[in-house]
Amino acid sequence: MPGGTQKIVVRVSRSYSVYVGAGLVARCGSWLRKEDNRRRLFVISSPRVWRHTARALHRGLARAGIPYDTLLMDDPEEKKSLATVEHLARRLVRRGADRTSRLMAVGGGVVGDVVGFLAASFMRGVDYFQVPTTLVAQIDSAIGGKTGVNLPEGKNLVGAFHHPRFVLVDPTLLGSLPSREFQAGLYELIKYAVIGDRGLFVFLERRLEAVKRREPAAVAHVLGRAIRQKARIVAADEREQGLRQVLNFGHTFGHALEALTRYRGFRHGEAVGWGMLMATRLAERLQRVSASDARRIAALVHAAGSLPALPQISAGRVVGQMQADKKRQGGALVLVLPRTIGRVEVTASVPRAALQATLQEFLQR
């Protein structure tokens with residue numbers, strides 16, 4: 148293992164490793180070579196990401212003698228659709244891809260989710276690799292095998308569980324990330340602290356500014372902690388039947404906000420930021436979390452940066468959109484609420500009046 152590289156194993160039905168270290172993209176060929184470099188490789192990215200990663204990736208693949216084809220796709224959230232999957236699949240067919248071909252997703256959460264679902268469905272399933280380039284993708288969406296696309300009716304309603312062969316997390320890729328994109332990832336980072344890592348929460352309270360400045364040591368520390376926690380949760384609940392639902396803290400509210408703004412009003416992490424604030428306030432209203440812990444959670448979310456303004460919509464519309472959430476159980480909404488810093492509960496028994504009142508509190512500001 149190259150010096151400074153962390154190896155984190157995700158122990159599932161087909162286990163794989165997440166490698167974390169500076170400069171891994173330029174050495175990507177060494178991992179692919181272990182996976183059989185005689186099979187055709189298709190690298191899928193977005194034009195914006197490809198401008199920043201093409202040279203290093205090409206160098207890494209060329210050193211290992213691995214040829215590849217490149218397919219580019221647009222990566223705003225509204226492109227996370229069945230139409231995009233069909234478009235890419237047809238391009239693969241025209242280029243001669245078959246069931247032995249391999250895909251590599253190089254990009255943020257949209258590219259990773261689309262390519263993962265494409266890999267799960269193309270020729271009834273082909274191997275793929277994840278090279279996440281955003282903070283959200285590096286700590287969350289690229290790990291765990293959840294792939295999928297959105298429908299007009301809601302987020303991630305069509306998808307499959309399909310694990311990558313490996314994930315390469317290169318912190319240096321975050322250097323070129325726009326400030327808003329990096330900030331969006333901080334909300335997902337805070338999520339990990341609230342749901343199961345009190346030590347990470349305290350670290351962020353003390354060192355968030357260093358992370359925001361993208362200081363290498365601080366970034367490497369939080370990446371390792373978040374990814375290890377994600378790997379533990381996925382290993383314990385691969386198919387999201389129980390424990391893994393804690394990862395949805397802030398997401399039921401957040402997904403509703405994204406859908407109601409047609410995936411144009413918020414970055415995913417920003418919607419999760421608002422969702423965590425709403426879930427925390429709801430938990431406080433229901434006396435599930437202390438007022439002091441609720442204040443600390445809200446303060447850390449706000450310290451990550453300014454969130455976009457909420458849309459002019461009614462609480463009823465948000466509740467209606469939440470009903471389309473795929474995590475419903477017997478028609479009841481499933482919400483993740485904090486109990487204390489480092490521990491949450493998954494519940495389907497939230498009084499509608501409390502939910503409505505909490506939403507009105509935010510939407511009428």
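By the numbering used here, the letter at position 288 of the sequence shown is numbered 435, and the numbering carries on one by one without gaps. For glycine and all other residues, C-beta sits at the position ideal for the given N, C-alpha and C.
In the three-state scheme derived from DSSP, where H, G and I count as helix and E and B as strand, residue 194 is classed as helix. Residue state for residue 461 is assigned as coil, using DSSP reduced to three classes. For the pair of segments examined, the segment 294 to 310 was found not to touch the segment 184 to 193: the number of CB pairs separated by less than 8 Å stays below three. By the neighbour-count criterion, in which a residue is buried when 16 or more other Cβ atoms sit within 10 angstroms of its Cβ, residue 240 is exposed.
Residue environment analysis places residue 401 among the buried positions, since at least 16 neighbouring C-beta atoms fall within 10 angstroms of its C-beta.
Residue pairing for residue 491: DSSP places it in a beta bridge opposite 485.
For residue 467, the closest alpha carbon among the candidates 495, 399, 418 is that of 399.
Boundaries of the beta strand (DSSP E) around residue 302: 301 to 308. In this structure, the beta-carbon distance from residue 384 to residue 375 does not fall below 8 Å.
Residue environment for residue 231: buried (at least 16 other C-beta atoms within 10 angstroms of its C-beta). Beyond the five residues adjoining it in sequence on each side, residue 281 comes within less than 7 Å, by CB distance, of 255, 256, 324, 328, 332 in the same chain, given in chain order. Fully contained in the segment 341 to 388 are the following alpha helix (DSSP H) runs of length 4 or more, in chain order: 345 to 359, 363 to 383.
At a Cβ-Cβ threshold of 8 Å, residue 235 and residue 220 count as neighbours. Counting every other CB atom within 10 Å of its CB across the protein chains shown gives residue 154 a total below 16, marking it as exposed.
For residue 249, the beta-bridge partners assigned by DSSP are 188, 274. Exclusion of the five residues before and after residue 348 leaves 340, 488 as the residues of its chain whose Cβ lies within less than 6 Å of its Cβ. Three or more beta-carbon pairs drawn from the segment 310 to 323 and the segment 270 to 278 are found closer than 8 Å, and the two stretches are therefore classed as touching.
Annotation: the continuous beta strand (DSSP E) that includes residue 219 extends over 216 to 219. For residue 401, no pairing in a beta bridge is given by DSSP. Taken through DSSP and simplified to helix, strand or coil, residue 164 comes out as strand. In the three-state reduction of the DSSP assignment, residue 313 falls in the strand class, which pools E and B. The three-state reading of DSSP puts residue 153 in strand, counting E and B together.
Spatial neighbours of residue 227 in its own chain (CB-CB distance under 7 Å, excluding positions within 5 residues in sequence) are listed in chain order as 257, 260, 261, 296, 297.
By the Cβ rule, the segment 362 to 372 does not count as touching the segment 438 to 447, because fewer than three pairs are nearer than 8 Å.
Look at residue 279 here: in three-state DSSP terms it is strand. Closest in alpha carbon position to residue 394, among 356, 418, 355, 335, is 335. For residue 405, same chain residues with a beta-carbon under 8 Å away, outside a window of 5 residues either side, are 224, 302, 412, 413, 415, 418 in chain order. Here the C-alpha atom of residue 305 lies approximately 12 Å from the C-alpha atom of residue 265. A straight-line Cα-Cα distance of about 46 Å links residue 431 and residue 175. For residue 263, the three-state secondary structure derived from DSSP is helix. Inclusion of residue 285 and residue 452 in the CB contact set at 8 Å is not warranted, their separation being larger than that value.
If the five residues before and after residue 457 are omitted, its C-beta is found closer than 7 Å to the C-beta atoms of 421, 509, 510, all from its own chain and listed in chain order. With respect to the 8 Å criterion, residue 189 and residue 222 are not classified as neighbours on the basis of their beta carbons.
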